Amino acid sequence: MPQFRSDRRASNDYGLLVAAATLYNNSSVGLVQQQLSEHGIRSTISGPELSGPGIARKVLVFPEDHHRAFRVLCNENEDL
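Structure follows, in structure tokens:
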């Protein structure tokens, strides 16, 4: 299951987008994007194409969706 955390940074770090989750493998990134999409939240990914230990990829959302995205991810993954 994915490990993620909220990562509110200054909005200029990712243009108009903010990080909703930080993940360390591609399958987790895909799962998180799917969970967000099922709740009508659009997302994209920032970070290197390669994944592995210590290599972070961020799932980015629009600022107005950040709180809802974080709630969705916490509710969908509360058993972690």
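Okay, so the sequence shown: first residue is 396 according to the numbering used here, each after it adds one. Note that the Cβ used here is the ideal one computed from N, Cα and C, for glycine as well. Since the structure is predicted, the reported quantities are computational estimates derived from the model, not experimental observations.
Looking at the DSSP output, R452 shares a beta bridge with L418. Out of L418, N470, S438, the CA that lies nearest to the CA of F457 is found in S438.
The DSSP-derived three-state label of S438 is coil. Of the candidates L411, A414, Y409, L418, the residue whose Cα lies closest to the Cα of G449 is L418. DSSP places L411 in the coil class of the three-state scheme, outside both helix and strand.
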